[in-house]
Ligand SMILES: Nc1ncnc2c1ncn2[C@@H]1O[C@H](COP(=O)(O)OP(=O)(O)OP(=O)(O)O)[C@@H](O)[C@H]1O
Ligand SMILES: [Mg+2]
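Chains as they are written, first to last, in the numbering used here: chain A, 533 to 775; chain Z, 5 to 406.
Here it is as structure tokens:
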């Protein structure tokens, strides 16, 4: 699969003049002012930029969690802006994994059950769920913690469970909005190594928002946002040297 | 998908036991209250009707004096005589039988045991005008009635107190200074709502009582049985006219006797208990509604609390209707569980309260069904609509919800 230096040219995601306006009337606020962006299949992209520049807004649109106000969003050549709620849900279920800054695990629910949840909605039976759930936990190094609830896990462990949940369906794209935002630098590096591994060895396209250049250094492509627009895109040829 | 949803719903209920318990509580209380109150209301009605039936519905009770609560000053109006009894029976159409009564209290003694009781002097007509069967023995013979023999038919309370488990019939007991043969035993009538234990009684021929206990020939009460085909008001009028004539009351003067129609009180009593049942039912229905509001509150609070959970589920690929279905199943399971527990508690409460209230234990299937159905509807409506609002949110808005 695609790794450093051999990024496939075919874009899996295309944004064309994407705008997003929150609210309406005099209080309306345009968070995205016409974003054009291509993400190549197999790429590892870091999204950076000052606070309020529209990074999360873009990620939410890419994750089909929110809809653009204007412009085009093509995912695998499908015009996502024309899909309805349920179709977007199915797209998320099939092709996308999302990791949040705040983990967003179900409370009082074991790590394994959290990880199994997307498979449950996909309709896998219990045996398959167990196997894939455990495999995903193993990948993030938490297979021994499968029966612990979020309250019994550290922040870094919780984020790893969240990553396991995001990859358990073998998605095409993994979206992570400040996945290390709540973690110390040591835990952050662990998460970054995990994402790099998933990108290199499982062929998952990774999009990650981060404020820290140290974390962005793990990515192959760095997209800089400013004032609701893409300011510039850097290719990081020394990607992975931190690993 | 349905099985998945069911799994998720049950899992969610088990993980949040306190929340589930609080949700159920309202329904449990509501259903238990409705079932208990309505059932006990109907049992009371049944008990009252049973007592009324034991009075006999087509009976006129005729007494000297001017009805309840009057009397007071003035000379006491004369009692009836045997000739009045005969005249009523023979001259008024629609009268099936007339039972005269002379009452006294006396101490009954048998084999060292003694029991103070009411002695009722009457004739066999007594058993004709009202339904009261014998459990053993026989009623009076004509000869015994005419000669005023010392024979008696005893109520169940007297029987158990004097004879315990032994057969009373054929035994000779003492009533004050009369030595009399027990010829019959009466079936149990139970507690009367008005006037104590109906089974605490000894029945003897009226002549025996008059001669040997009261010492006069007065008749204090006539029970007049009326043929069901006749209008009791008309019979009452004729009876009144006849008695006024016989007692020589001037036109325009007030009656010095009163006629009491049991059909009337039975109608009044039935009306009262029906009204009581409706009031109690209304109160119970209010408690069900209050229970429903309780559920709605818990559901609203928990949906707010669970909006983030809904957001997570949507974010990882659940379709809105799957999330909704989960909430619906949760609501159904909880309200059915609450309904069932409520029914069980209701039945237990009925079983405990019925004896205390001296009403029969009854099971009313309809009210159980209705209460259960209402609880299910309340649970589903109040559980479903708040969830629908949350599931309609954009996943990201649901996730941001604090
Ligand atoms: N739901 C919303 N309603 C109104 N305004 C919003 C909403 N979400 C974001 N915004 C506004 O849109 C702009 C872009 O927000 P966004 O969350 O995309 O920024 P960001 O680049 O992720 O910033 P940060 O680095 O602080 O996370 C901000 O000015 C923010 O105030
Ligand atoms: Mg952000």
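For each residue, glycine too, the CB sits at the ideal point set by N, CA and C.
Check: residue i C-beta below 8 angstroms from any heavy atom of ligand 2
i                      : result
residue 587 of chain A : yes
residue 384 of chain Z : no
residue 567 of chain A : no
residue 599 of chain A : no
residue 406 of chain Z : no
residue 710 of chain A : yes
residue 741 of chain A : yes
Separation of residue j from residue i, as counted between CA atoms
i                      : j                      : result
residue 397 of chain Z : residue 619 of chain A : 15 angstroms
residue 543 of chain A : residue 571 of chain A : 5 angstroms
residue 382 of chain Z : residue 605 of chain A : 44 angstroms
residue 102 of chain Z : residue 133 of chain Z : 7 angstroms
residue 395 of chain Z : residue 53 of chain Z  : 55 angstroms
residue 629 of chain A : residue 406 of chain Z : 23 angstroms
residue 389 of chain Z : residue 728 of chain A : 44 angstroms
residue 188 of chain Z : residue 237 of chain Z : 35 angstroms
residue 481 of chain A : residue 592 of chain A : There is no way to answer for residue 481 of chain A, as the model of chain A reaches only from 533 to 775.
residue 330 of chain Z : residue 713 of chain A : 32 angstroms
residue 731 of chain A : residue 752 of chain A : 10 angstroms
residue 212 of chain Z : residue 273 of chain Z : 36 angstroms
residue 231 of chain Z : residue 205 of chain Z : 27 angstroms
residue 74 of chain Z  : residue 82 of chain Z  : Residue placement at residue 74 of chain Z cannot be trusted, given a pLDDT of 49 that sits under 50; what the coordinates show is reported in the next sentence. Looking at the two C-alpha atoms, the distance is approximately 15 angstroms.
residue 648 of chain A : residue 40 of chain Z  : 46 angstroms
residue 671 of chain A : residue 696 of chain A : 7 angstroms
residue 141 of chain Z : residue 207 of chain Z : 13 angstroms
residue 171 of chain Z : residue 191 of chain Z : 14 angstroms
residue 91 of chain Z  : residue 366 of chain Z : 45 angstroms
residue 635 of chain A : residue 545 of chain A : 24 angstroms
residue 372 of chain Z : residue 350 of chain Z : 9 angstroms
residue 710 of chain A : residue 683 of chain A : 21 angstroms
residue 220 of chain Z : residue 113 of chain Z : 24 angstroms
residue 313 of chain Z : residue 307 of chain Z : 9 angstroms
residue 99 of chain Z  : residue 129 of chain Z : 11 angstroms
Beta-carbon proximity list for residue i, same chain, < 6 angstroms, skipping 5 on both sides
i                      : result
residue 602 of chain A : 551
residue 764 of chain A : 756
residue 149 of chain Z : 127, 209
residue 104 of chain Z : 89, 210, 223, 226
residue 185 of chain Z : 155, 176
residue 761 of chain A : 565
residue 706 of chain A : 629, 698, 736, 738
Bridge-paired residues (DSSP) for residue i
i                      : result
residue 756 of chain A : A:580, A:764
residue 490 of chain A : The shown model of chain A, from 533 to 775, leaves out residue 490 of chain A, and the question about it has no answer.
residue 81 of chain Z  : The partner list for residue 81 of chain Z (beta bridge, DSSP) is empty, contrary to what the question assumes.
residue 613 of chain A : DSSP, once it has assigned bridges, lists no residue as partnering residue 613 of chain A.
residue 643 of chain A : The partner list for residue 643 of chain A (beta bridge, DSSP) is empty, contrary to what the question assumes.
residue 107 of chain Z : Z:124
residue 630 of chain A : A:707
Residue i, enclosing alpha helix (DSSP H) - first and last residue
i                      : result
residue 689 of chain A : 687-699
residue 245 of chain Z : 236-250
residue 118 of chain Z : Not the alpha helix (DSSP H): residue 118 of chain Z falls in the beta strand (DSSP E), residues 117-126.
residue 386 of chain Z : 369-395
residue 131 of chain Z : 129-133
residue 659 of chain A : 658-671
residue 180 of chain Z : Element bounds for residue 180 of chain Z: n/a, residue is neither H nor E.
residue 145 of chain Z : Run containing residue 145 of chain Z: none; DSSP gives neither H nor E here.
residue 334 of chain Z : 324-361
residue 748 of chain A : 745-748
Cβ-based neighbour list, residue i, same chain, cut-off 8 angstroms, excluding 5 preceding and 5 following
i                      : result
residue 258 of chain Z : 70
residue 744 of chain A : 712, 720
Range covered by the beta strand (DSSP E) that runs through residue i
i                      : result
residue 567 of chain A : 561-572
residue 547 of chain A : 543-554
residue 638 of chain A : It is not in any beta strand (DSSP E) - residue 638 of chain A carries neither H nor E in the DSSP assignment.
Neighbourhood of residue i by C-beta distance below 7 angstroms, restricted to the same chain and skipping five residues each side
i                      : result
residue 263 of chain Z : 64, 66, 240, 243, 244
residue 596 of chain A : 612, 620, 623, 624, 628
residue 392 of chain Z : 328
residue 319 of chain Z : 399, 403
Contact test: residue i Cβ vs ligand 1 heavy atom, cutoff 8 angstroms
i                      : result
residue 313 of chain Z : no
residue 734 of chain A : no
residue 399 of chain Z : no
residue 590 of chain A : yes
residue 584 of chain A : yes
residue 563 of chain A : yes
residue 605 of chain A : no
residue 555 of chain A : yes
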